[in-house]
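Peer 1:
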Amino acid sequence: MLATDFSPNRLEAAKESALEFINQLPSQTKVGIISFSGASYIKQRPSNDQNLAKDAVRSIETELIAGTGIGEVIITATNVLLAEKPSNSIILITDGQNNIGASIAESIEYAKNHQITVNTIGIGTKEGGTFTNFNESVISKVNFEDLQLIAKETNGKSYLANNELDIKNAYNEIINLNEGSKKIDLANYLLLLSLFILIIEIILMNTRYRTIP
178 MLATDFSPNR LEAAKESALE FINQLPSQTK VGIISFSGAS YIKQRPSNDQ NLAKDAVRSI
238 ETELIAGTGI GEVIITATNV LLAEKPSNSI ILITDGQNNI GASIAESIEY AKNHQITVNT
298 IGIGTKEGGT FTNFNESVIS KVNFEDLQLI AKETNGKSYL ANNELDIKNA YNEIINLNEG
358 SKKIDLANYL LLLSLFILII EIILMNTRYR TIP
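In the numbering used here, the protein residues as written are 178 to 390.
(1) Tell me whether the beta-carbon of residue 249 lies closer than 9 Å to the beta-carbon of residue 279.
(2) Output the residue ranges of the beta strand (DSSP E) runs that lie fully inside the stretch 230 to 302 and measure 3 residues or longer, sorted by chain position.
(3) I think residue 252 touches residue 297, with their Cβ atoms under 8 Å apart; what is that distance to the nearest whole Å?
(4) Give the secondary structure of residue 338 by DSSP, where H, G and I count as helix, E and B as strand, and everything else as coil.
(5) With burial defined as no fewer than 16 other Cβ atoms inside 10 Å of the residue's Cβ, what is the status of residue 232: buried or exposed?
(6) Can you find the residues in the same chain that come closer than 8 Å, C-beta to C-beta, to residue 197, ignoring five residues on each side of it along the sequence?
(7) I'd like the ranges of any beta strand (DSSP E) spanning at least 3 consecutive residues and lying wholly in the stretch 205 to 230.
(8) For the alpha helix (DSSP H) containing residue 332, name the first residue and the last one.
(9) Cβ atoms of residue 237 and residue 188: under 9 Å apart, would you say?
(10) Taking buried to mean at least 16 other C-beta atoms within 10 Å of its own C-beta, is residue 190 buried or exposed?
(11) Thinking C-alpha only, which one of 202, 211, 213 and 332 is nearest residue 290?
(12) Are residue 254 and residue 217 close, meaning C-beta to C-beta below 9 Å?
(13) Would residue 234 and residue 272 be called neighbours here (beta carbons separated by less than 9 Å)?
(14) Roughly how far, in whole angstroms, is the beta-carbon of residue 207 from the beta-carbon of residue 261, given that I think they are within contact range, below 8 Å?
(15) Specify the secondary structure class of residue 320 as computed by DSSP and reduced to three states.
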């Protein structure tokens, strides 16, 4: 998410668009924030205090490269949403490179079993962007195939964002889809922001996936 094909990088573009998205939501909408890399971290549990949600988004920063656990964060998000009524909608925004933790297939099955819809937004250009990892320049390209599969299998929608406007349009379409659907309630969103490089121990609420010390 530090790749520079967005200005100043993918992460900051994602954060800025997330803040605009939260501003558009009705005041009663609950929003939760989870950041993730090799592990998932609940920055803000679902709440209708949108100022808290925006503060949580702003607080997301980068430290060390640790991989991206998309499968793991979907399981975490599902567990968080199970405590909410109704609880059925996740927005996952990431560069889509799952390389640690639970598999995509496993996370899809887990979300489906709990009737959770996952909408995905893949960030990145086809050419890719560069970032520095241990003094070496690395090219990062969005892996959209996994994100398409996640959305399709959970009855969500997938979007490929090549620029900041694409991210905003994806958010707007998701809002419109939810407002017009009898199956999806706008009362709960779980907004997921991918951090390629945040190292935090993952502790899940479901015994099957809990980290054992």
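Built from N, CA and C at the ideal position, the CB exists for glycine as well.
Peer 2: To lay it out plainly:
(1) Taking the sequence shown and counting its residues from 1, the one referred to as residue 249 is at position 72. Taking the sequence shown and counting its residues from 1, the one referred to as residue 279 is at position 102. Closer than 9 Å, so yes.
(2) 266 to 271 and 294 to 300
(3) Position 75 of the sequence shown, counted from the start, is the residue given in the question as residue 252. Position 120 of the sequence shown, counted from the start, is the residue given in the question as residue 297. The pair is not a contact, with the Cβ atoms about 15 Å apart (cut-off 8 Å).
(4) The residue you call residue 338 lines up with position 161 of the sequence shown. Of the three classes helix, strand and coil, the one that applies to residue 338 here is strand, per DSSP.
(5) Within the sequence shown, numbered from 1, the residue matching residue 232 stands at position 55. By the 10 Å Cβ count, residue 232 comes out exposed.
(6) Sequence index remark: in the sequence shown, residue 197 carries index 20 (1-based). So the list reads 345 and 348, once near-sequence residues are dropped.
(7) 207 to 213 and 217 to 224
(8) In the sequence shown, the residue the question calls residue 332 occupies position 155. Counting along the chain, residue 332 falls outside any alpha helix (DSSP H), and DSSP gives it neither H nor E.
(9) Taking the first residue of the sequence shown as position 1, residue 188 is located at position 11. Taking the first residue of the sequence shown as position 1, residue 237 is located at position 60. Cβ atoms of residue 188 and residue 237: closer than 9 Å.
(10) Position 13 of the sequence shown, counted from the start, is the residue given in the question as residue 190. Result: buried.
(11) Within the sequence shown, the letter at position 113 stands for residue 290. Taking only the C-alpha atoms, the option nearest residue 290 is 332.
(12) In the sequence shown, residue 254 corresponds to position 77, counting from 1. In the sequence shown, residue 217 corresponds to position 40, counting from 1. Yes, Cβ-Cβ distance for residue 254 and residue 217 is below 9 Å.
(13) Within the sequence shown, the letter at position 57 stands for residue 234. Within the sequence shown, the letter at position 95 stands for residue 272. The answer is no: Cβ separation not under 9 Å.
(14) Reading the sequence shown from its first residue, position 30 is the one you call residue 207. Reading the sequence shown from its first residue, position 84 is the one you call residue 261. With a Cβ gap of about 7 Å, residue 207 and residue 261 count as contacting.
(15) Sequence index remark: in the sequence shown, residue 320 carries index 143 (1-based). DSSP places residue 320 in coil when its eight states are reduced to three.
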